[in-house]
Structure formats: structure tokens, C-alpha cells
Amino acid sequence: MEENIIVSLKNIAVDYDGERVLNGIDLDIRDKEFVTFLGPSGCGKTTTLRIIGGFVEAGEGDVFFDGMRINDLPPHKRKVNTVFQKYALFPHLNVYENIEFGLKINKVPEPQRRERIKDMLELVNLMGFETRGANQLSGGQQQRVAIARALVNRPRVLLLDEPLGALDLKLRKEMQVELKRIQQSMEITFIYVTHDQEEALTMSDRVVVMKDGEILQVGTPQDIYNEPVNAFVADFIGESNILPGVMKKDFQAEFAGHVFECVDKGFGENEEVQVVVRPEDVKVVSYEDGPIDGIVESVIFKGVHYEMTVDSHGFKWLIHSTKKEDVGKVIGMDILPDDIHIMRAEEE
């Protein structure tokens, strides 16, 4: 086993009430890595997290931690802690006592407890809140206490199950940055579950995209955004234009009524494919200069760019552009070879 692999899942399968919810999960997670499980509700990401934590037993397969099989190890004996979406703070305890709870259970001497709690309060920016009751805190502050409580025991791995779900958008964005900072300063492995693709792209070293109990793709945020393995990943990890096409030959694809140069090869001659083009990669040009033409149907200002819907012979293109075009105008569209992503047509 590779020496810096901390968690390894081998052929994990789980059934609930006769229905398979995880099907042959294989994944290695490296030490000090921020890994995010991303996918729609019911795809199996939380179940995978709970298997690592020991809260769910795998029907088949093995879980390894530092090369040791831990299938039969109960949660409290694993070097893993969990932060849930519902922070589950003790309402009758103040901030200091909430963070201290696990240290007391582990019989850490009082002077060491004080020192470690002080470090945690600094880490999560809650110095001065020690005596505040758990119910007197905002959602963001409660979340920081939950993180501090989980980290004070110095786990090797922290599991986070949609911990930002209850926060408003501005606070979520702030906490995304905070979590990444905490993970890097603590130098421990974070395994994170979310259905929010922006969250996954912002924080992760690697993203694991799941659907129907299976892993579809594992890669860096850049890999998954720029080179999705199929239309589901392309659509889930950001808005995309997905069109039917034909691979005429290596480096040449036909779609939207035109043959384009592309950078893909290895498909059969005249093989039917799916073509993915990101909205920001569609270049708006004059009607005369564009291989594709269309009529602007709607324009929405998004702050950084305009989001336009353009009807081209029945296909609705989504375009992000810093330049606004008027509704009803006929425009041209062009796409560079690097911005065309070809995928095998999926079986229906």
C-alpha cells in the first residue's frame, strides 16, 4: 500500500432493505488531503462517509486505515472524528465546556486541556466566547465550536457531513475559506460531503463525483471541471451545453451543423458522441463570422458576466459573456478546439 494513503476503501457494497446503495466503491485517500464526495441526494456519499467513521457496516468489502483493516473497529476507537450538519452541541454547556467534553472523556489532564482548548479557540476565531452558552451563538459560531470540539482530540481524519448546509450564502462562502485554512494549518485529512459543486471546487484537493451508489470520476477540481468523463459529471459540476455530435475522425467533430477542429482522438470514424461546451467558452462574434448562428432569447446580469440564452435552430445555448447582446439580435458563435470536450454517447 502506498505509504501516504491513510484511508482505503476496497470493493465496498452496502444494501438497505434489499436495495443496493453502494456498489463496489474503491478509493484511496491520502494523508493531509482535502477530499470531497459530491453528488445528488441519495447517491451514497453520506453512507460512504459513515462507513469510514464506523457508523455503518459494509455488507461487502474492506476499510483500511494506515494499512490496517478496521471493519470491526467501533467508531470511538477509530482516529476519526465527525462534524454533522446538525452540530449537536450540548445546550447546557458553554463554548469552553463543549470543546472540553471529549478531552475529559479521554482523561486528558486539566492543564493540557486548557492549553489545547486555547489553541482551538484561536484556530476557529472564537477567543473571548468561552463562557457563552451554546444557544447564544449564531449558526456560524456554533459550527466553529463543533469543528473545534471535533479537532481538539487531534484525530488523523475529520469527516464533515454537509456542515455548511444550515448557513446563509455569505457565511457559507466565508466558512469555505475558513475550513480550508483550518485543514492546512492542522495538517490533517478532511473528508467532506456536499451536493454543492461550488463548495467542492473551492475547497478540495480532489473531488469524488458519485451517482447511484457508484463513483463516476475522481480528480482535481480542474480535472473534473475541464475533463468530465460523461454528461452527468459535466452537468453536475457546472452549467454546460451538451449536444449530440459525430466524431468525423481524430481531432474533428461535427455538431450544431458544422465541423469543428478539436483536441480529442481515439474515437471510431463517424462515431456518435456527446459534445460538452462550457458557457464561458462560447465566443460571441458577428453573425457573418460565426460558424453557428442564433437569436438571443434572454439576458440576465450576473455581476461578473451576462448570462444569455441563444436559440440556434432549436438548441438553446447558454453563454456567459462580459459583453451584453440585445434580446432578438442574431449573433454568431465560435468555439476554440481546446474548449470542445468530446465524450462517448451514453447508453439510454
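Per my numbering, the very first residue in the sequence shown carries number 527; after that it's consecutive.
C-beta atoms are modelled at their ideal positions from N, C-alpha and C, and glycine is treated no differently.
Please read all numbers here as calculations on a predicted model, not as lab measurements.
Taking a cut-off of 8 Å for Cβ pairs, the region 764–776 and the region 591–608 do not touch, as fewer than three such pairs fall below it. In this model, M736 and Q800 are separated by some 20 Å (Cα to Cα). DSSP, reduced to helix, strand and coil, places K630 within a helical segment of the structure shown. Here the region 563–575 lies against the region 711–721, with 3 or more beta-carbon pairs under 8 Å apart. Around the C-beta of V734, 16 or more other C-beta atoms lie within 10 Å, and the residue is accordingly described as buried. For L693, the closest of R680, R707 and Q669 by C-alpha to C-alpha distance is Q669.
Taking the CA atoms as reference points, M773 sits about 9 Å from D790. Around the beta carbon of R604, 16 or more other beta carbons lie within 10 angstroms, which makes this residue buried. Looking at the DSSP output, V853 sits in no beta bridge, so it has no partner there. Of E713, E688 and T835, the smallest CA-CA separation from S567 is found for E688. Taking C-beta separations shorter than 6 Å and ignoring five residues to either side along the sequence, the partners of K706 in its chain run M729, following chain order. Under the 10 Å beta carbon count, K612 is surrounded by fewer than 16 other beta carbons and is classified as exposed.
If you draw a straight line from the Cα of M646 to the Cα of I625, it comes to about 8 Å. Per DSSP, the continuous alpha helix (DSSP H) segment holding R670 begins and ends at G665 to L677. Its chain contains E833 as the residues whose beta carbon lies nearer than 6 Å to that of I826, once the 5 sequence neighbours on both sides are disregarded; these appear in chain order.
Taking a 10 Å sphere around the C-beta of E559, we find 16 or more other C-beta atoms and assign the residue as buried. Across the structure, S812 and D837 are spaced so that their CA atoms are roughly 15 Å apart. DSSP places Y832 in the strand class (E or B) of the three-state scheme. If you look at E700, you'll find it in the alpha helix (DSSP H) that goes L695 to M712.
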